[in-house]
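Heads up: the structure comes next, in structure tokens.
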Amino acid sequence: MRAVQFHSAHDVRLSEVPDPTPGPGEILVRVRAVSICPSDWRLYHYGHAGGVIPDHPIIQGHEFSGDVVALGDGVASPALGTRVAVEPSWYCGKCDMCLRGLTNVCRHQVFPSFPPHDGALAELIACPAYATYPLPDEASYIEGALVEPLGVALHALEMAAPPPNARLLTLGAGLIGYCAVRVAQLRGFTSIAAVEPVDGRREFVHRLGADPALASAQELLDAGFEADVVIECAGEAQAVEDALELAVPEGRVVVVGIPHPERLCFEANVPRRKELTVIFSRRSRENLAECVQLLSSGQVDLKSIPIRTFTLEQVAEAMDATAERPGDMLRALVLP
Ligand SMILES: [Zn+2]
Ligand SMILES: [Zn+2]
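Written as structure tokens, this is what we have:
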């Protein structure tokens, strides 16, 4: 099959590699859409993922959808030809965390695209059958690939366990921030504010209903603004500090982004005096069935998300676009 392999920073190559074969309990997916996550760009740009340097070429891409084209031993469903979205957090089902239902922190987790595991920027990928979710007829492959980031937003708001009539603030309104705003509307938050420096993204989330939607957190800090739940979706260490400042006493801060730089520094008196709960969320926890339901009921619109599409030959361009964050794009998608 054709696959794009990451060799080192800014060096990705389209190559011919052996087709994967589905093992017991797995299915083979013909990949139709892959959404480039900012975490994919981090590996592409810096050459390591959270300090882990791949020791061999690996295939990136973990937000994806496709068609079921082969079934491994012991797999009865989904049927051949089913269009599926895939949860990329693969768990063992046997460790202490899995037995408590905390599958996203499984001690033996496999994450396609995180070294040494291959991801989906290829024509084919083998996936556990349990991790696949049939897409409704009305959802495109592109929406199918965007279901995973929606799951991340859903999980973050579940972790926040907001009080009734809560006020939400999202720092960062990329795709996950956008999804968090929409989910918060469905969950009955009474007000939703957003901070996003990129004009097009800020206007997009403002049209959805985030008000105020501002370019910098400083304006909110100057105005003495407070929210019951602040979610950090910017992936920036400074945004974590801002989140602590902008949370109400007894409020909750959920760090969803992967902070950059990775070492966080903050004035401990800020969360201590306010007795804040600070939660670091990780990916999603079996939220994708609900995400697919939100799509098919029309409650969440992933169709009008501003995207740009690329081919397997153009993965480097898709990575560059992810970094440049042009105002007319929330996500770059590769259609293999
Ligand atoms: Zn991602
Ligand atoms: Zn486990």
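For the sequence shown, counting from 1, position 113 maps to 528 in the numbering used here; every step adds exactly one. Even glycine gets a Cβ: it sits at the ideal position worked out from N, Cα and C.
Can you tell which of the options has the C-alpha that lies nearest to the C-alpha of residue i?
i	options	result
SER423	ASP470, GLU677, CYS680, GLY650	ASP470
ALA494	ALA485, MET744, VAL501	ALA485
MET734	HIS425, ASN580, GLU677	HIS425
PHE695	ASN519, VAL483, TRP505, ARG457	ASN519
SER711	ALA609, PRO627, GLU553	GLU553
ASP511	TRP505, GLU502, ALA628, CYS521	CYS521
VAL427	GLU728, TRP505, GLU665	GLU728
GLY603	ALA609, ALA595, VAL610	ALA595
ALA546	LEU745, SER699, GLU739	SER699
THR505	LEU514, GLY587, HIS523, ALA448	Checking the sequence shown, residue 505 turns out to be Trp, not Thr. Measuring from the Cα of TRP505, the nearest candidate turns out to be HIS523.
GLN653	ALA642, ILE673, GLY742	ILE673
ALA625	GLY592, GLU634, LEU636, SER430	GLY592
ALA576	PRO741, VAL669, GLY713	VAL669
ALA599	PRO741, ARG616, MET574	MET574
GLY615	ILE607, ALA638, ALA628	ALA628
GLY507	PHE619, ILE474, VAL525	Here residue 507 is Cys; the residue named in the question, Gly, does not match the sequence. For the residues PHE619, ILE474, VAL525, the minimum Cα distance to CYS507 belongs to VAL525.
Assuming residue i contacts residue j (C-beta within less than 8 angstroms), just tell me the rounded distance between them.
i	j	result
GLY559	SER480	3 angstroms
TYR548	VAL490	15 angstroms between Cβ atoms; not a contact.
LEU565	CYS706	5 angstroms
ARG687	SER450	Actually they are not in contact, since the Cβ atoms of ARG687 and SER450 sit about 38 angstroms apart, beyond 8 angstroms.
VAL483	VAL444	6 angstroms
LEU661	PHE640	6 angstroms
GLU647	LEU586	5 angstroms
By a C-beta neighbour count over all protein chains shown, 10 Å radius and 16 as the cutoff for buried, is residue i buried or exposed?
i	result
VAL644	buried
ILE468	exposed
GLY516	exposed
SER719	exposed
ARG597	buried
SER528	buried
PRO453	buried
ASP838	As shown, the chain starts at 416 and ends at 751. That puts residue 838 outside it, with no answer to give.
GLY465	exposed
GLU611	buried
PRO751	buried
PRO503	buried
* Asked: Mind pulling the alpha helix (DSSP H) runs of 4 or more residues that sit fully within the region 563 to 631?
  -> 590 to 601, 614 to 623
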